[in-house]
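Worksheet for the structure shown next.
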Amino acid sequence: AQKVTQAQTEISVVEKEDVTLDCVYETRDTTYYLFWYKQPPSGELVFLIRRNSFDEQNEISGRYSWNFQKSTSSFNFTITASQVVDSAVYFCALSEAGSGGYQKVTFGTGTKLQVIP
Amino acid sequence: NAGVTQTPKFRVLKTGQSMTLLCAQDMNHEYMYWYRQDPGMGLRLIHYSVGEGTTAKGEVPDGYNVSRLKKQNFLLGLESAAPSQTSVYFCASSSSARNTEAFFGQGTRLTVV
């Protein structure tokens, strides 16, 4: 069974600090996809990044970066020079083939990030 | 560009009442999903649909029914609401490939008293 663990329930940082959100996953599939979503206080989940299991290249997008390591089954998310607008709940998710061909997605329980001005 | 729209945004029900949540997407996506979000439990899949006229059970389907009569709409019904169904409900859609991201609605906060 697939599983996604976000051990950090809540994190508080002071503005401009760097912060890393951890995500550890379990799956038996060799082909799978990992996602990060952001849920700001407004409530709607917003897609941030997708990574497939064959691409371990780290990715950087502005102040955001992602570190995917298959050896440790981790897909961690780092925000550099955090800002108040980064305050949100962040979800890591794992997608693999479900029965009937649908996209079986398992979400972690989320990490609430509070950036203090 | 509307994306995924859910109605209503808020609702309070009495135990035993019924209601229907409506989800509409304008991206021509094949896949649609209903999730519930509860504190400390992340998002859990209630039901999903892989195309017009099809529905299937997810992780926590009991007490809910769904219908997908039109490709763009996915309805979630509660026939007899219970306090345990107090939650925030999210609808999402995605294209047919499993490597694509899901687009979420803004959520419906439901309270059953």
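Chain order of the listed sequences is Y and F.
In this text, residue positions in the first sequence follow this note's numbering: the first is 1, and each later residue adds one.
In this text, residue positions in the second sequence follow this note's numbering: the first is 1001, and each later residue adds one.
Backbone N, C-alpha and C fix where the C-beta goes; we use that ideal spot for every residue, glycine too.
Checklist line | Residue burial classification, GLU26/Y (beta-carbon count within 10 angstroms, cutoff 16) | finding: By the 10 Å Cβ count, GLU26/Y comes out exposed.
Next item on the list: With DSSP as the reference, please indicate the residues paired to VAL13/Y in a beta bridge.
Entry: DSSP lists VAL115/Y as the bridge partner or partners of VAL13/Y.
Checklist line | DSSP three-state assignment for GLN1072/F, whether helix, strand or coil | finding: Here GLN1072/F sits in coil by DSSP.
Margin query: Under 9 Å, CB to CB, which of the residues in the segment 1091-1113 of chain F have a partner in chain Y?
Written below: For the segment 1091-1113 of chain F, the residues whose beta carbon sits under 9 Å from a beta carbon of chain Y are, in order, ALA1092, SER1094, SER1096, ALA1097, ARG1098, ASN1099, THR1100, GLU1101, ALA1102, PHE1103, PHE1104, GLY1105, GLN1106, GLY1107, ARG1109.
Note to self: As a quick exercise: from VAL1088/F, THR1100/F, GLN1006/F, SER1049/F, pick the residue whose alpha carbon is nearest that of LEU1069/F.
What the structure shows: The candidate whose alpha carbon is nearest that of LEU1069/F is SER1049/F.
Next item on the list: Can you have a look at PHE1010/F and say buried or exposed, based on whether 16 or more other CB atoms are within 10 angstroms of its CB?
Entry: Classification for PHE1010/F: exposed.
Notebook entry, point to check: Going by the beta-carbon positions, is the gap between GLY1058/F and ASP1026/F smaller than 8 Å?
Noted result: Contact flag unset, no.
Margin query: Beta carbons nearer than 7 Å to chain F: which residues of the segment 20-50 of chain Y have them?
Written below: Listed by position, the residues of the segment 20-50 of chain Y near chain F (Cβ gap below 7 Å) are TYR33, PHE35, GLY43, GLU44, LEU45, PHE47, ARG50.
Margin query: Can you confirm whether the segment 8-27 of chain Y touches the segment 1076-1093 of chain F when touching is taken to mean that 3 or more C-beta pairs between the two stretches lie within less than 8 Å?
Written below: No, the segment 1076-1093 of chain F does not touch the segment 8-27 of chain Y.
Next item on the list: Tell me, please, whether the segment 64-71 of chain Y touches the segment 46-56 of chain Y by the rule of three or more beta-carbon pairs shorter than 8 Å.
Entry: The answer is yes - the segment 46-56 of chain Y touches the segment 64-71 of chain Y, with three or more Cβ pairs under 8 Å.
Note to self: So that I know if they touch, is there some Cβ in chain Y lying closer than 8 Å to that of LEU1043/F?
What the structure shows: Chain Y contact via Cβ: present.
Item checked: Extent of the continuous beta strand (DSSP E) run through SER74/Y -> Segment 74-79, the beta strand (DSSP E) holding SER74/Y.
Check: Exposed or buried, GLY108/Y, counting other C-beta atoms within 10 Å across all chains shown (16 or more means buried)?
Finding: With 16 or more Cβ atoms within 10 Å of its Cβ, GLY108/Y is classed as buried.
Next item on the list: Kindly indicate which residue of PHE35/Y, GLY43/Y, GLU96/Y has the alpha-carbon position closest to the one of ASP1038/F.
Entry: ASP1038/F has its Cα closest to that of GLY43/Y, out of PHE35/Y, GLY43/Y, GLU96/Y.
Item checked: Closer than 7 Å at the beta carbon, the chain Y residues around GLY1040/F -> Identification of chain Y residues near GLY1040/F by a Cβ-Cβ cut-off of 7 Å yields THR109, ordered along the chain.
Notebook entry, point to check: Alpha carbon to alpha carbon, what distance is there between ALA1082/F and MET1019/F?
Noted result: For MET1019/F and ALA1082/F, the distance between alpha carbons rounds to 12 Å.
Next item on the list: Have a look at the DSSP bridge pairing and note the partners of ASP1062/F.
Entry: Residue pairing from DSSP leaves ASP1062/F without any beta-bridge partner.
Check: Given that a residue counts as buried once 16 or more other Cβ atoms are within 10 Å of its Cβ, and exposed if not, what is THR31/Y?
Finding: Counting Cβ neighbours within 10 Å, THR31/Y comes out exposed, since fewer than 16 surround it.
Check: Based on Cα-Cα distance, which residue from VAL1112/F, VAL1012/F, GLY1063/F, SER1094/F lies nearest to TYR1031/F?
Finding: Residue SER1094/F is the option with its Cα nearest to TYR1031/F.
Next item on the list: Identify which residue in TRP1034/F, GLY1077/F, GLY1053/F has its Cα closest to the Cα of GLN1017/F.
Entry: Here the closest residue by C-alpha is GLY1077/F.
Next item on the list: Measure from the C-beta of ASN76/Y to each C-beta in chain F and report whether the shortest distance is under 8 Å.
Entry: For ASN76/Y, the answer is no, since every Cβ of chain F falls outside 8 Å of its Cβ.
Next item on the list: With DSSP as the reference, label SER95/Y as helix, strand or coil.
Entry: It is a strand residue.
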